[in-house]
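If you read the protein sequences in the order shown, they are chains A and B.
Quick note on the numbering used here: the first sequence kicks off at 448 and runs consecutively.
Quick note on the numbering used here: the second sequence kicks off at 37 and runs consecutively.
We put the CB at the ideal spot given by N, CA and C, even for glycine.
For clarity, every value in this text was computed on a predicted model and none was experimentally measured.
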Amino acid sequence: QSVLTQPPSPSGTPGQRVTISCSGSSSNIGSNSVNWYQQLPGTAPKLLIYNTNQRPSGVPDRFSGSKSGTSASLAISGLQSDDEADYYCAAWDDSLNGVVFGGGSKLTVL
Amino acid sequence: QVQLQEWGPGLVKPSETLSLTCAVSGHSIRSGHYWGWIRQPPGMGLEWIGSIHHSGTNHYNPSFKSRVTISIHTSKNQFSLKMNSVTAADTALYYCAFYGDFDAFDVWGQGTMVTVSS
Numbered sequence: 448q449s450v451l452t453q454p455p456s457p458s459g460t461p462g463q464r465v466t467i468s469c470s471g472s473s474s475n476i477g478s479n480s481v482n483w484y485q486q487l488p489g490t491a492p493k494l495l496i497y498n499t500n501q502r503p504s505g506v507p508d509r510f511s512g513s514k515s516g517t518s519a520s521l522a523i524s525g526l527q528s529d530d531e532a533d534y535y536c537a538a539w540d541d542s543l544n545g546v547v548f549g550g551g552s553k554l555t556v557l
Numbered sequence: 037q038v039q040l041q042e043w044g045p046g047l048v049k050p051s052e053t054l055s056l057t058c059a060v061s062g063h064s065i066r067s068g069h070y071w072g073w074i075r076q077p078p079g080m081g082l083e084w085i086g087s088i089h090h091s092g093t094n095h096y097n098p099s100f101k102s103r104v105t106i107s108i109h110t111s112k113n114q115f116s117l118k119m120n121s122v123t124a125a126d127t128a129l130y131y132c133a134f135y136g137d138f139d140a141f142d143v144w145g146q147g148t149m150v151t152v153s154s
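Okay, here's the thing in structure tokens:
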């Protein structure tokens, strides 16, 4: 059971905008920034969004992050087949004094 | 550019100690950042194991705290993970990662698979 809760299998069609939610608590998302990782099949995770809504160099602006209260969201606009991957949210947890991950969301592009 | 490479035995017997090393290149391990270990059981999600700073300060996932030691080896620009009393539940792909200026794991190793089996 992960500390952060994500939908297990979101989906969308090419060109569509999809959002992936990440629900936490006051000790993690509520008081710290959120990071998102993309894991393509058979590869190591890659940082997609940091500090809740910042993109590392090279990440398309189709990817965006936001947070409200104890929940965060990753939005992907103009969905492409290459976006099929597992997506994980993560945050520092003040109570556990460590990093917590969501259970992951396996995005399918229909 | 930071690059990480993990290595260690791919097979560990139950109740024994899992030992992995992560070699850092392109960046000094004394840089003032944290270095971490994350694992991923087959078909499952990511689980943070712990992180260490070059000063020796570390943070561990409470789920592992009594079994895990992360050490830093500045002369070799490496850091390591030891997990004792392993069981089949510890079978996973183990990643080392760099917790950089973004306050995120922004560089990952390719991962090394460890199977716990007799």
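- By the Cβ neighbour-count rule, glutamine 486(A) is buried, with 16 or more other Cβ atoms within 10 Å of its own.
- Distance from the CA of leucine 543(A) to the CA of histidine 69(B), rounded to the nearest whole angstrom, comes to 20 Å.
- Excluding five sequence positions before and after threonine 151(B), the CB atoms of its chain that fall closer than 6 Å to its own CB belong to Leu47 and Thr127, given in chain order.
- With respect to chain B, the C-beta atom of glycine 462(A) has no partner C-beta closer than 8 Å.
- Against chain A, a Cβ distance below 9 Å from glycine 145(B) picks out Ala491.
- Remark: C-beta atoms of methionine 119(B) and phenylalanine 141(B) do not approach each other more closely than 8 Å.
- Nearest Cα to proline 98(B) within the set Arg502(A), Cys536(A), Asp529(A) and Val547(A): Val547(A).
- Rounded to the nearest whole angstrom, the C-alpha separation of aspartate 530(A) and valine 556(A) is 7 Å.
- Inside the region 466-523 of chain A, DSSP marks whole beta strand (DSSP E) runs of 3 or more residues at positions 481-486, 493-496, 510-515 and 518-523, from first to last along the chain.
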